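Participant: Taken in order, the sequence shown gives residues 1 to 325; the numbers are from UniProt numbering.
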Amino acid sequence: MSVPTSSEADPRGDHGAGPRPERPPWAEFKRALDAQGFHPSRRFGQNFLLDDNMARAIASDATARGPNDVGERSLEDRFVLEIGPGCGFLSVHLAHAGARLLAVEIDPKLAPIARRFLAPYPRAEVIEHDILASKSALNDVVLERLPGEGEDWTLCANLPYSISGPLLAICSLLPNPPERVSCLVQKEVAERLAAVPGTGDWGPLTAAFQETYHVSMGRSVPPQLFWPRPKVDSAVFIATRHPVLPPLELRKRRVLFARKLLERRRQSLRRVLGDLRGAEVADAALGALGIDPKRRAETLGLPELRALEAYPGDAADPPGEHHGQ
């Protein structure tokens, strides 16, 4: 099997100092894929981003100035997790920027191609695993490789659309979540992540992710830049972790509480909160916090959701989910 390799990597076999990597023609990769008997899998959400300028831009977005940054950002010597590298089209730009790259590929026919393409970069590693152990947990093999508390790291990927929402929710509730996220996802998901209260996109995923991140929309990516072409529009979003996070257990409680309310987001707060906590407690909480009980749950922003979750007494604990557990 003839697999293309990055031809313009740093001649020292390291990173960053040489010319920017130039990708061989797509036809060479297509021949390698055909030789492997590869066919894109809808189950794996496989859509290759063919436009190299766009891949380079997504990698660059990972170093864009965030709302709390005082200096320039860099991927130099930074741990970067990429999920679903495919042939390595985004990976090579992350590796060339000096990242310590861990790329997790589920497809055994793609992992060897990505490894060969990234061969000039010794700090780029491609492992063959499913990133998810379940719908609510990352694979232990990946968890063991993530940086510990105190070391910032980045998640940058053309995420498989089939897992993007659950995966991002999981990552936001890691003990040490990524400090920066720059990902290409279905445009609908990006809009939900960046939504504001009272809009149609504001919901459980939004509240969960924004509990940890400040989110902004990035560039749109049209279907014709992919192979095969997806039937939906795509977009990049950029998320920067809040400078200070509350303890993990408190974040989990807040996310659970927000999910319970926002799953019924078009109903009145008195009805939703009353079903969760009892009418008497709901009325007391809403009255004490000055929140109109006739408002819909979808109009609550994070400060109000947090205040309701923390309200003293029984209102702070959904039945069977007490803070001490």
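Quick reminder that beta carbons are idealized off the backbone N, C-alpha and C, glycines included. Note that the coordinates shown come from a computational prediction; the quantities given were computed from them, not determined experimentally.
#1: Are the segment 35–55 and the segment 119–126 touching, with three or more C-beta to C-beta distances below 8 Å?
#2: Quick one: any contact between the segment 257–271 and the segment 188–200, if contact means 3 or more CB pairs under 8 Å?
#3: Give me the DSSP bridge partner(s) of His214.
#4: Would you decide whether Leu174 is buried or exposed? Buried here means 16 or more other CB atoms lie within 10 Å of its CB.
#5: Would you list the one or two residues that DSSP bridges to Val126?
#6: Would you report the Cα separation of Gly218 and Glu191, rounded to the nearest angstrom?
#7: Is the beta carbon of Ile163 less than 8 Å from the beta carbon of Leu132?
#8: Quick check: the segment 68–85 against the segment 150–168, are there 3 or more CB pairs under 8 Å?
#9: Could you give the DSSP three-state label for Phe209: helix, strand or coil?
#10: Let me check one thing: in DSSP terms, what residues is Asn158 bridge-paired to?
#11: Could you tell me which whole alpha helix (DSSP H) segments of length 4 or greater appear in the segment 11–69?
#12: Could you tell me the distance, in whole angstroms, from the CA atom of Leu75 to the CA atom of Pro204?
#13: For Ile83, name the three-state secondary structure that DSSP assigns.
#14: Under the rule that 16 or more other beta-carbon atoms within 10 Å means buried, what is Gln46, buried or exposed?
#15: Could you give the DSSP three-state label for Glu72: helix, strand or coil?
#16: Compute the distance between the beta-carbons of Glu309 and Arg254, then report whether it is under 8 Å.
#17: Return the first residue and the last residue of the alpha helix (DSSP H) that Ala285 is part of.
#18: For the beta strand (DSSP E) containing Leu167, name the first residue and the last one.
#19: Should the segment 233–244 be called in touch with the segment 48–66, which here means at least 3 C-beta pairs below 8 Å?
#20: Assign Val221 to one of three DSSP states: helix, strand, or coil.
#21: Using only the alpha-carbon positions, how far apart do His129 and Gly290 sit?
#22: Please report the straight-line C-alpha distance between Phe209 and Ser91, rounded to a whole angstrom.
Facilitator: Quick look at the numbers:
#1: No: the two stretches stay apart, fewer than three of their Cβ pairs being nearer than 8 Å.
#2: Contact fails between the segment 257–271 and the segment 188–200, because fewer than three Cβ pairs, one in each stretch, are under 8 Å apart.
#3: Counting from one through the sequence shown, the residue named residue 214 turns up at place 214. Answer by DSSP bridge pairing, in chain order: Thr240.
#4: Translated into positions along the sequence shown, residue 174 becomes position 174. By the 10 Å Cβ count, Leu174 comes out exposed.
#5: Residue mapping note: residue 126 aligns to position 126 of the sequence shown, counting from 1. For Val126, which the question treats as bridged, DSSP gives the partners Ala103.
#6: Looking up residue 218 in the sequence shown gives position 218. Looking up residue 191 in the sequence shown gives position 191. Those two C-alpha atoms are separated by around 10 Å.
#7: What you label residue 163 is simply residue 163 of the sequence shown in a count that begins at 1. What you label residue 132 is simply residue 132 of the sequence shown in a count that begins at 1. Yes, the pair counts as a contact, with Cβ atoms nearer than the cut-off.
#8: They touch, by the three-pair rule.
#9: Reading the sequence shown from its first residue, position 209 is the one you call residue 209. DSSP places Phe209 in helix when its eight states are reduced to three.
#10: Sequence index remark: in the sequence shown, residue 158 carries index 158 (1-based). Looking at the DSSP output, Asn158 sits in a beta bridge with Leu184.
#11: Segments of the alpha helix (DSSP H) lying fully in the segment 11–69: 26–35 and 52–61.
#12: Reading the sequence shown from its first residue, position 75 is the one you call residue 75. Reading the sequence shown from its first residue, position 204 is the one you call residue 204. Straight-line Cα distance between these residues: approximately 31 Å.
#13: As a first step, residue 83 is located in the sequence shown; it is residue number 83 there, counting from the start. Secondary structure of Ile83 (DSSP, three-state): strand.
#14: Looking up residue 46 in the sequence shown gives position 46. Counting other Cβ atoms within 10 Å of its Cβ, Gln46 reaches 16 or more and is therefore classed as buried.
#15: Sequence index remark: in the sequence shown, residue 72 carries index 72 (1-based). The answer is coil: DSSP assigns Glu72 none of H, G, I, E or B.
#16: Position 309 of the sequence shown, counted from the first residue, corresponds to residue 309. Position 254 of the sequence shown, counted from the first residue, corresponds to residue 254. Closer than 8 Å, so yes.
#17: As a working note, residue 285 is residue 285 in the sequence shown. Counting along the chain, the alpha helix (DSSP H) containing Ala285 begins and ends at Ala279 to Leu289.
#18: On the sequence shown, residue 167 is found 167 positions in, with the first residue counted as 1. Run containing Leu167: none in the beta strand (DSSP E); it sits in the alpha helix (DSSP H), Ser164 to Ser172.
#19: A contact exists between the segment 233–244 and the segment 48–66.
#20: By 1-based counting over the sequence shown, the position of residue 221 is 221. In this structure, Val221 counts as strand in the three-state DSSP scheme.
#21: Here residue 129 refers to the residue found at position 129 when the sequence shown is read from its first residue. Here residue 290 refers to the residue found at position 290 when the sequence shown is read from its first residue. Roughly 50 Å between the two C-alpha positions.
#22: Indexing the sequence shown from 1 puts residue 209 at position 209. Indexing the sequence shown from 1 puts residue 91 at position 91. In a straight line, the C-alpha of Phe209 is about 25 Å away from that of Ser91.
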